[in-house]
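For the sequence shown, this note's numbering assigns the number 1 to the initial residue and increments by one for each residue that follows. Step one of this worksheet: look at the structure below.
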Amino acid sequence: MALRLVQVNFKARDDSALGRFWAEALGWSVSSEGPGVTNLQPEGFDWPDPDAFYVDLVTVPDPETVKYRVHLDLATTSAAHQAELVARLKELGATPADVGQGDVPWTVLADPEGNVFCVLEPRPVYRDTGPIAAVVVDCADPRAMARFWEEAVDWTLHEVTDDHAVLRSAKGVGPYLELLRTPGVSSGRNRIHLDLLPDPVEVQEAEVARLLALGATAADVGQGDVPWKVLADPEGNEFCVLGRG
Numbered sequence: 001m002a003l004r005l006v007q008v009n010f011k012a013r014d015d016s017a018l019g020r021f022w023a024e025a026l027g028w029s030v031s032s033e034g035p036g037v038t039n040l041q042p043e044g045f046d047w048p049d050p051d052a053f054y055v056d057l058v059t060v061p062d063p064e065t066v067k068y069r070v071h072l073d074l075a076t077t078s079a080a081h082q083a084e085l086v087a088r089l090k091e092l093g094a095t096p097a098d099v100g101q102g103d104v105p106w107t108v109l110a111d112p113e114g115n116v117f118c119v120l121e122p123r124p125v126y127r128d129t130g131p132i133a134a135v136v137v138d139c140a141d142p143r144a145m146a147r148f149w150e151e152a153v154d155w156t157l158h159e160v161t162d163d164h165a166v167l168r169s170a171k172g173v174g175p176y177l178e179l180l181r182t183p184g185v186s187s188g189r190n191r192i193h194l195d196l197l198p199d200p201v202e203v204q205e206a207e208v209a210r211l212l213a214l215g216a217t218a219a220d221v222g223q224g225d226v227p228w229k230v231l232a233d234p235e236g237n238e239f240c241v242l243g244r245g
């Protein structure tokens with residue numbers, strides 16, 4: 001398999017400020033590949049280490065016009081750690097969020113730009129993921145989405161039901177990708193999307209053709225002439241196949 005899921009990408013009003021929040025939240029280092037882009041990576045790893053997972057934040061004109069179909073779940077190791085992390089995140093600028101979760105053991109917060117995320121109670125399955133336990137994608141049909149993503153990238157399908165599907169890197173490192181059935185899931189551009197990296201990068205065109213054959217579609221989000229290719233999965237979630245540059 002020549003494609004791997006390497007990072008999530010946030011659309012932001014202010015990539016630098018939002019990047020500082022998430023760098024502090026995750027305990028990661030910050031760099032920038034150019035104006036309007038902030039790159040986060042775990043300490044001790046350099047892009048594109050196959051054992052690491054990354055976060056990019058990119059300033060766009062109006063992120064409020066796009067949808068919330070993707071969010072991050074953060075891992076904790078104990079009840080005390082969860083409480084400490086929630087308190088620290090609030091000090092950094094996070095606010096409580098109500099998405100109809102009711103009485104649950106995890107805490108739902110929103111970052112300073114309103115992106116919702118969860119701080120999970122300690123769960124053994126996430127003990128070795130690092131600070132990001134999972135990237136969660138709302139969808140209408142987890143089984144169909146799992147079939148697509150299992151074929152699309154070098155990730156292993158661990159569980160699939162009518163309500164959710166769970167994948168993770170074949171190397172058993174980094175966060176899980178969780179596809180969660182959500183009634184009335186909306187369509188449209190997402191504030192957070194996935195970035196895929198071909199290995200080697202020169203096979204980008206062949207990998208794009210393979211994804212299109214699997215059911216992806218070409219997407220135009222106003223990207224113009226760029227080295228990456230923007231596609232959408234079978235439920236319309238955009239993602240990028242990165243190229244050289």
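C-beta: ideal position from N, C-alpha, C; glycine also.
Hey, how far is the Cα of residue i from the Cα of residue j?
| i | j | result |
| --- | --- | --- |
| residue 118 | residue 80 | 16 Å |
| residue 91 | residue 113 | 15 Å |
| residue 134 | residue 72 | 6 Å |
| residue 69 | residue 12 | 15 Å |
| residue 132 | residue 51 | 14 Å |
| residue 148 | residue 103 | 33 Å |
| residue 38 | residue 146 | 30 Å |
| residue 3 | residue 127 | 26 Å |
| residue 17 | residue 100 | 28 Å |
| residue 42 | residue 19 | 13 Å |
| residue 168 | residue 62 | 32 Å |
| residue 172 | residue 54 | 16 Å |
| residue 106 | residue 211 | 35 Å |
| residue 84 | residue 27 | 14 Å |
| residue 47 | residue 58 | 17 Å |
| residue 86 | residue 203 | 42 Å |
| residue 156 | residue 78 | 27 Å |
| residue 209 | residue 240 | 13 Å |
| residue 225 | residue 170 | 33 Å |
Checking 8 Å against the spacing of the C-beta atoms, do residue i and residue j come in under that value?
| i | j | result |
| --- | --- | --- |
| residue 82 | residue 124 | no |
| residue 183 | residue 164 | no |
| residue 249 | residue 231 | The first residue shown for the chain is 1 and the last is 245, placing residue 249 beyond what the model contains. |
| residue 177 | residue 5 | yes |
| residue 15 | residue 44 | no |
| residue 207 | residue 200 | no |
| residue 179 | residue 153 | no |
| residue 23 | residue 29 | yes |
| residue 181 | residue 195 | no |
| residue 120 | residue 25 | no |
| residue 221 | residue 238 | yes |
| residue 49 | residue 7 | no |
Among the candidates the options, whose CA atom is the shortest distance from the CA of residue i?
| i | options | result |
| --- | --- | --- |
| residue 216 | 19, 235, 76 and 226 | 235 |
| residue 21 | 98, 40 and 227 | 40 |
| residue 9 | 210, 192 and 221 | 192 |
| residue 60 | 202, 189 and 170 | 189 |
Taking 7 Å as the limit between beta carbons, can you name the residues of its chain near residue i, skipping five residues before and five after?
| i | result |
| --- | --- |
| residue 97 | 108, 109, 110 and 116 |
| residue 151 | 214 |
| residue 95 | 109 and 110 |
| residue 185 | 69, 138, 139 and 140 |
| residue 144 | 234 |
| residue 34 | none |
Near residue i, what residues of its chain come up, given a Cβ to Cβ distance below 6 Å and the 5 sequence neighbours on each side ignored?
| i | result |
| --- | --- |
| residue 223 | 230 |
| residue 129 | 75 and 175 |
For residue i, I'd like the list of residues in its chain whose CB is within less than 8 Å of its CB, leaving aside the five on either flank, ordered along the chain.
| i | result |
| --- | --- |
| residue 93 | 21, 111 and 112 |
| residue 159 | 165 and 166 |
**Study point:** Contained beta strand (DSSP E) runs [length at least 3] in the segment 153-196, N- to C-terminal order
**Key:** 155-160, 164-169 and 176-181
**Study point:** Runs of alpha helix (DSSP H) lying entirely within the segment 63-138, each at least 4 residues, in chain order
**Key:** 79-92
Exercise for review: List in chain order: all unbroken alpha helix (DSSP H) runs of 4+ residues lying wholly within the segment 12-48.
Suggested key: 15-26
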